[in-house]
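The sequence shown maps to residues 549 to 724 in this note's numbering.
Heads up, the beta-carbon is just placed ideally off N, CA and C, and yes, glycines get one too.
Below is one structure, written out as structure tokens, with a few remarks after it.
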Amino acid sequence: MITDADAVPVALPATADFDPGKMVAAVARNERNLHASILLSLLLDESGTDDVTHAKLRNAMGDGSGELISSYLGARRALKARMAQCLHDSASEARNQVKAMLAAAGLPATTDFQVVRTTGGRTVRVRVDAIRSARRQADGGVWGYLHLETSAGCFEDMEFTFRDGVLVVRSEPDIY
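In structure tokens:
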């Protein structure tokens, strides 16, 4: 739950090994891998992978088609395994960059709830679950969206900025 937690002291910024460029690159790589996994799933649509379909294909295509089908199925398994590994690696790299950013902001990189400043000058108690996007700003800061747990089992994406060792989230709703 988002609450005004001004009574809770906020950790002061500390120095840590954090490179905004590495974070933006890691998040971009993870975004590309997620998009590629969707395309691969569409390409490797699971329809037609049963034995009856394979028998019909072998019957229609004749001699040697069984080997082609087996090669295709092996390649399909290899592609799926490779994509799963790419997704795991890029998500892990993005998580490591978030931990480095939290450490640079003087926040413990744990799975516990933390107190973070808001753009409105207040504080919120949240747990960082994942990073959705990150873009480098002209002033060297990072802007993007974090996936935050605002209370047990309740998640929300919030805009964030990280600049000069300070992490700030925007918890205020858009007013149109």
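| query | result |
| --- | --- |
| Segment contact flag, the region 662-670 with the region 583-594, C-beta cutoff 8 Å, min 3 pairs | no |
| Proximal residues to C634 (C-beta, below 6 Å), its chain only, five neighbours per side dropped | N581 |
| Cβ-based neighbour list, I679, same chain, cut-off 6 Å, excluding 5 preceding and 5 following | V575, A642, V646, L694 |
| Cβ-based burial, M609 [other Cβ within 10 Å; buried from 16] | exposed |
| Straight-line gap, G654 to T709 (C-alpha atoms, nearest Å) | 15 Å |
| Endpoints, the alpha helix (DSSP H) within which D687 is located | It is not in any alpha helix (DSSP H) - D687 carries neither H nor E in the DSSP assignment. |
| Reduced DSSP category for S719 - H, G, I as helix; E, B as strand; rest coil | coil |
| Rounded separation between M649 and S681 - CA only | 14 Å |
| First through last residue of the beta strand (DSSP E) which encompasses T658 | Premise fails: T658 is in no beta strand (DSSP E) and is neither H nor E. |
| Exposed unless 16 or more other CB atoms sit within 10 angstroms - verdict on T719 | The question names Thr, but residue 719 in the sequence shown is Ser. Buried, since its Cβ has 16 or more Cβ neighbours within 10 Å. |
| Burial state of A652 (16 or more Cβ within 10 Å) | buried |
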